[in-house]
Structures are given as structure tokens and as C-alpha cells.
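The listed protein sequences derive, respectively, from chains A and B.
According to the numbering used here, the stretch in the first sequence is residues 487 to 599, in order.
According to the numbering used here, the stretch in the second sequence is residues 2 to 116, in order.
Notes to accompany the following structure.
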Amino acid sequence: NAGVTQTPKFRVLKTGQSMTLLCAQDMNHEYMYWYRQDPGMGLRLIHYSVGEGTTAKGEVPDGYNVSRLKKQNFLLGLESAAPSQTSVYFCASRMRGLITEAFFGQGTRLTVV
Amino acid sequence: KQEVTQIPAALSVPEGENLVLNCSFTDSAIYNLQWFRQDPGKGLTSLLLIQSSQREQTSGRLNASLDKSSGRSTLYIAASQPGDSATYLCAVRLYSGAGSYQLTFGKGTKLSVIP
Chain A
487 NAGVTQTPKF RVLKTGQSMT LLCAQDMNHE YMYWYRQDPG MGLRLIHYSV
537 GEGTTAKGEV PDGYNVSRLK KQNFLLGLES AAPSQTSVYF CASRMRGLIT
587 EAFFGQGTRL TVV
Chain B
2 KQEVTQIPAA LSVPEGENLV LNCSFTDSAI YNLQWFRQDP GKGLTSLLLI
52 QSSQREQTSG RLNASLDKSS GRSTLYIAAS QPGDSATYLC AVRLYSGAGS
102 YQLTFGKGTK LSVIP
């Protein structure tokens, strides 16, 4: 059981380049999330999805777009990368409901130069 | 806005000691609280999930308590081992509007257990 898998694990981008981070979960979870983790800031929610075909903004959505075309996948896109988007990105998923546990991927370390 | 604070930011203890990590939150209207462990360069591993109606949860050497009215949770680690060295994160789930219930994280406590 793979759980939550993020691709790629590391990436270096030049300012202005675009890329897509992929999150895949095999637990049939309805809810999926993208967070970023920065030193001294903790984890902050970028975007989330409560089901296939639906997405919503989190705390820090600017500069990112997301798509949830399939239930098991949640994509995070950077259209024009900026150095401020250098961070570690984490995907998470959980079952529908208030009391369910969140499971996290291993993270993607992104550096924008 | 919910704020989650973890004190101390870093803690170093000798192997074998019992220790307590603290988490406080400003909005007591939470649905649950989750403790995570994060190893350097790795993702988050869920340790314990406490529902708002519960007072504590136990898993092996770990015990987490919740006092919702005072906005506090503690993670107790018994007989600490060097393998417990990691950053421990606390997160609370509450209603964030538009039918959404989100996790708000603390910044973590970095624990070092010295052999």
C-alpha cells in the first residue's frame, strides 16, 4: 500500500519556468490538500479539493493552480515560478468526515533560482 | 484566526527520560487534534489523533492529552530513545467556512534525544 506519493521529490527551476507537481493516493480518499512548508512558518495550506472535479483556495493560493480530474490525483501547477516559491511542498489526503486522519506524502523540495 | 503554538521550539534530553511536548491553540471550537512526527527531509507521519470529545489517546510509549476548554494538548513520550529524535508537529482541525474543515499547524518542536 503506497499511501500518498508525490512526484518529483526534488526539482530546480529557473525564474519564470512552469512545472506541475503530482500527488497520487491509493486509499480512495475524497479530500486532498497541498501545503508548503517554510522555515519558521510551519505548514500552510495552498489549495485543497473535497472531491473529483472540485478545488478551493487555502491560505496561500497566489501563484499556484490545481486540478483534480481523477479522484486519486491532485496536481499543483506553477505557471511562472518565482524565488518566493522555493519551499518544500507536501500533499495530504483523508477520507470524508470531520474525524478522519490526514496522511501525508514525502514532500517535494523545490528550488527556484 | 486560529493560531497554534508549540513550546519549546527545540528540546534536548538524555536517553531514557520522560518528556512532554506542549501545544496550545486559540480557538477552542476544534473537531480534532493530530500529532505528527517529521524526520529531516521527510514527510509527516501521523502519531495520534484525538477527537474533540476525547481527553487522551495512547499508542505505545506515546500519550496525547487534550483539554479543549483551555486550548491545550500535550504529547508525553515515555522512556525516550535516540530514535525519537525528530520534529513533532501539532495540528488542529476546525471549521474554516464554506463547508470546509482545515488543519492548522504549529511550527513544531525539534526533539533531540542524546544517547
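All C-beta atoms in this analysis are idealised placements derived from N, C-alpha and C, irrespective of residue type, glycine included.
In this text the structure is predicted, and so the values were computed from the model without any measurement.
Beta carbon proximity, Tyr32/B to chain D, threshold 8 Å: Checking the listed chains, one finds no chain D in this structure; the protein chains it contains are A and B.
Cβ pair Gln592/A, Gln492/A closer than 8 Å: yes
Partners in chain A for Ser74/B, counting only beta-carbon separations shorter than 7 Å: Per Cβ cutoff of 7 Å: no residues; Ser74/B is ~16 Å from chain A at best.
Cutoff 8 Å: Leu531/A Cβ touching any chain B Cβ: yes
Local Cβ density within 10 Å of Ile115/B, reported as buried at 16 or more and exposed below that: Exposed, since its Cβ has fewer than 16 Cβ neighbours within 10 Å.
Residue-chain proximity (Ser47/B, chain A), Cβ-Cβ < 8 Å: yes
CA nearest to the CA of Tyr77/B, picked from Thr46/B, Gln103/B and Gly61/B: Gly61/B
Residue closest to Leu577/A, alpha-carbon to alpha-carbon, out of Gly537/A, Ala568/A, Ser566/A and Phe560/A: Checking the displayed sequence, the identity of residue 577/A turns out to be Cys instead of Leu. Considering only alpha carbons, the answer is Phe560/A.
Against chain A: residues of the segment 101-112 of chain B by CB proximity under 9 Å: Ser101, Tyr102, Gln103, Leu104, Thr105, Phe106, Gly107, Lys108 and Gly109
Unbroken stretches of the beta strand (DSSP E), 3 residues or longer, contained in the segment 504-546 of chain A: 505-511, 517-524, 528-537 and 540-543
Own chain residues within Cβ distance below 7 Å of Ala80/B, not counting five before or after: Gly17, Asn19 and Arg62
Thr541/A beta carbon near the ligand NAD (any heavy atom closer than 7 Å): By its list of ligands, the structure shown contains no ligand whatsoever, and the ligand NAD lies outside what it can speak to.
Distance between Tyr519/A and Ser97/B (C-alpha atoms, nearest Å): 14 Å
Proximity to Ser29/B [Cα-Cα], best of Asp68/B, Ser101/B and Asn64/B: Asp68/B
Segment limits, beta strand (DSSP E) that includes Lys495/A: Here Lys495/A belongs to no beta strand (DSSP E), and DSSP marks it neither H nor E.
Identity of the residue in Lys556/A, Leu508/A and Val498/A nearest Leu596/A by Cα: It is Val498/A.
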